[in-house]
Amino acid sequence: ELSIEEVKNEVAARFRLPGEVTLLQPYGNGHINDTFCLTCALGEGKTKRYILQRMNDDIFNSPKELMENVVNVTSFLRKKIIAAGGDPDRETLNVVPAADGGNYLEYKGDFFRMYIFIEGATCFEQVKQPEDFYNSAVSFGNFQKLLADYPADTLHETIVNFHNTVSRFRDFKKAVEEDVCERAENVREEIQFVLDREPDTHVICDALIQKKIPLRVTHNDTKLNNIMIDNETGKGICVIDLDTVMPGSALYDYGDSIRFGANTGAEDEKNLALISLDLELFDIYTKGYLEGCGGSLTKEEIELLPMGAKLMTFECGMRFLADYLKGDVYFKIHKPEHNLDRCRTQFRLVADMESKWEQMNAIVRKYSK
Ligand code: ATP
Ligand code: MG
Ligand code: MG
C-alpha cells in the first residue's frame with residue numbers, strides 16, 4: 003500500500019504539471035480504480051485541479067493497450083469538440099502525460115494515469131427520476147455520434163470477446179457439461195431457458211461479421227455515474243470512465259443500459275413477480291439515445307435495438323448461471339445462490355421482453371422517423 007504522501011510526492015510529481023502539487027486526496031465513489039483529486043498551484047493564487055488514478059491491475063492487465071485506446075479516442079473527441087466550438091477541457095477526458103512523455107506511468111508495480119479535472123459538473127450516483135435516465139441516454143448517444151466515423155477496428159480488444167454472445171454460449175455449455183459443483187441438477191429449468199434461445203445468440207455477432215451493422219466504438223460501462231452533468235444546465239456534458247472502450251456494436255451499450263436501467267426490480271431480487279421491463283423507461287431511454295445519436299445509427303441497427311436489449315440481458319443471465327455452475331469464481335457473491343438469484347431476474351426480464359416485443363418495436367419505430 004502506498005501512503006498518500008508517497009502518491010503526492012513521488013507519483014503526482016512524475017506527471018507534466020504546470021506547478022507544485024499543494025493538495026491531494028482520495029476522491030469520488032469509483033469501485034474499480036483508486037481515484038485522487040489533486041490541486042496544483044499556478045502562481046498568483048491561481049490553481050488547477052487534476053484527477054489521478056491508480057489503475058486496477060486485477061481487472062485490466064494490459065495498461066498499455068487500455069491507455070492507447072483512451073488516448074486515441076479522447077484525442078479524436080478533442081478535435082471534434084474544438085471544431086464544433088465546444089470546450090475540449092470539459093466535454094471529453096484529457097490525458098495528462100507523464101514527465102517521460104508516456105500516457106501513464108509505473109511506480110513500484112502500480113500503474114497511474116492523470117486527467118484534467120472537469121470543473122463545474124457533477125456525477126450522480128443513482129437514477130432518482132426518469133429525467134436522469136434520459137440524460138444518460140442522450141450523453142451515451144452523443145458519444146456514439148461523435149465517434150461514428152472513428153475507425154473502431156484500430157482499437158484494442160482489451161477484454162477479448164466481451165460481448166461475443168456466441169462464445170459466451172459456448173462457455174456456458176462447457177460449464178454445464180463439466181458441472182464441477184454438481185449444481186446442474188438443481189437448475190435444469192434455467193439451463194433449458196438458455197438452450198432454447200441458442201439461435202438468438204448469433205443475431206448480433208452474425209450481423210457484425212456479415213457487415214450488416216458497423217463495428218463501433220463501445221463504452222461498455224454506461225452507468226449514470228459515468229457521465230458528468232453540468233451544474234448550470236443540468237445536461238450531460240462528458241462521458242467519463244473509458245477503461246472498457248472497445249470495438250463492438252452500438253447495440254451493446256444501448257442494450258446493457260436497458261438491462262440495468264429499465265428493470266422494475268433489483269438485479270438480485272428473489273421475488274420474481276417484481277421483475278419486469280418498465281416500458282416507460284424503455285421509451286425514455288430509446289428516445290434519448292436516438293436523439294443523442296442524431297442520425298448516426300443505420301436503419302439495421304435501429305431495427306435491432308429491441309434485440310440488443312434482450313440479448314444483453316440474456317447474455318448477462320447466462321454468465322450468472324455459468325458462474326453459479328462453476329462455483330461462483332467470477333462475480334463476487336454476498337450470499338449463497340446469489341448468482342442463481344441474479345440469473346433468474348435476468349431470465350425473467352428476457353421473458354418479459356419477449357411478451358412485450360411488439361410494444362418495444364413500436365416504441366423504437368416511433369423515434370426512428
Ligand atoms: P466505476 O466504479 O464507475 O468503474 P472507476 O473506479 O472506474 O469507477 P471513474 O469512474 O473513472 O472510476 O472515476 C471515479 C469518479 O471520479 C467519477 O465517478 C467522478 O466522480 C470522478 N472523476 C473521474 N474523472 C474525473 C474528471 N476528469 N473530472 C472530474 N471528476 C472525475
Ligand atoms: Mg465510473
Ligand atoms: Mg470504471
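Residue 3 is where the sequence shown starts when you use the working numbering, and the numbers rise one by one after that. Don't be surprised by glycine CBs; every beta carbon is placed ideally from N, CA and C.
Burial state of residue i, where buried means 16 or more other Cβ atoms lie within 10 Å
i           : result
residue 197 : exposed
residue 28  : exposed
residue 1   : Because the chain spans 3 through 371 in this model, residue 1 falls outside it and cannot be assessed.
residue 35  : buried
residue 310 : buried
residue 183 : exposed
residue 194 : exposed
residue 236 : exposed
residue 407 : Because the chain is modelled from 3 through 371, residue 407 falls outside the range shown and cannot be assessed.
residue 380 : Because the chain is modelled from 3 through 371, residue 380 falls outside the range shown and cannot be assessed.
residue 165 : buried
residue 258 : buried
residue 163 : exposed
residue 321 : buried
residue 100 : buried
residue 354 : buried
Check: residue i C-beta below 7 angstroms from any heavy atom of ligand 1
i           : result
residue 334 : no
residue 227 : yes
residue 37  : yes
residue 119 : yes
residue 33  : yes
residue 254 : no
residue 61  : no
residue 106 : no
residue 19  : no
residue 95  : yes
residue 263 : no
residue 125 : yes
residue 242 : yes
residue 329 : no
residue 122 : no
residue 193 : no
residue 231 : no
residue 30  : yes
residue 53  : yes
Cutoff 6 angstroms; reference residue i; Cβ partners in own chain excluding five residues on either side
i           : result
residue 296 : 147
residue 91  : 118
residue 272 : 343
residue 1   : Outside the displayed span of the chain (3 to 371) sits residue 1, for which this structure offers no information.
residue 71  : 157, 158 and 247
residue 152 : 78 and 219
residue 303 : 215 and 252
residue 291 : 139, 143 and 256
residue 116 : 17, 52, 54 and 98
Residues bridged to residue i [DSSP beta-bridge criterion]
i           : result
residue 28  : 38
residue 109 : 112
residue 55  : 37 and 115
residue 17  : 100
residue 249 : 219
residue 231 : 124 and 238
residue 43  : 49
residue 265 : 279
residue 23  : 42
Cβ shell of residue i (< 7 angstroms), same chain only, five flanking positions each side left out
i           : result
residue 30  : 37
residue 352 : 312, 315, 316 and 319
residue 288 : 307, 365, 366 and 369
residue 60  : none
residue 1   : The chain is shown only over 3 to 371; residue 1 falls outside these bounds and no answer can be derived.
Residue i: CB within 7 angstroms of a non-hydrogen atom of ligand 5
i           : result
residue 258 : What this structure holds is ligand 1, ligand 2 and ligand 3, not ligand 5.
heavy atom of ligand 3 below 7 angstroms from residue i C-beta
i           : result
residue 245 : yes
residue 223 : yes
Contact test: residue i Cβ vs ligand 2 heavy atom, cutoff 7 angstroms
i           : result
residue 238 : no
Close Cβ partners of residue i (< 8 angstroms) along its chain, the five nearest in sequence each way excluded
i           : result
residue 62  : 68, 160 and 245
residue 412 : Summary: the structure shown does not reach residue 412, with the chain confined to residues 3 through 371, and so no result is reported for it.
residue 26  : 6, 9, 10, 14, 38, 39, 40, 41 and 54
residue 255 : 142, 146, 220, 221, 222 and 224
residue 123 : 92, 230, 231, 232, 233, 239 and 240
residue 155 : 217 and 249
residue 200 : 171
Closer than 8 angstroms to chain D by CB, residue i
i          : result
residue 55 : This model lacks chain D altogether; it includes just one protein chain.
Exercise. State whether the segment 242-251 contacts the segment 282-300, with contact taken as three or more CB pairs (one from each stretch) at a distance under 8 angstroms.
Key: no
Quiz item: Are there three or more Cβ pairs, one per stretch, closer than 8 angstroms when the segment 62-75 is compared with the segment 41-48?
Solution: no
Practice problem: Tell me, please, whether the segment 333-346 touches the segment 250-263 by the rule of three or more beta-carbon pairs shorter than 8 angstroms. | Solution: no
Quiz item: Taking contact to mean at least 3 C-beta pairs separated by less than 8 angstroms, is the segment 199-217 in contact with the segment 119-129?
Solution: Contact fails between the segment 199-217 and the segment 119-129, because fewer than three Cβ pairs, one in each stretch, are under 8 angstroms apart.
Quiz item: Counting Cβ pairs, one atom from each stretch, are 3 or more of them under 8 angstroms apart for the segment 72-79 and the segment 167-177?
Solution: no
Self-check item: the segment 132-143 / the segment 82-97 touching (three or more Cβ pairs under 8 angstroms)
Solution: No: the two stretches stay apart, fewer than three of their Cβ pairs being nearer than 8 angstroms.
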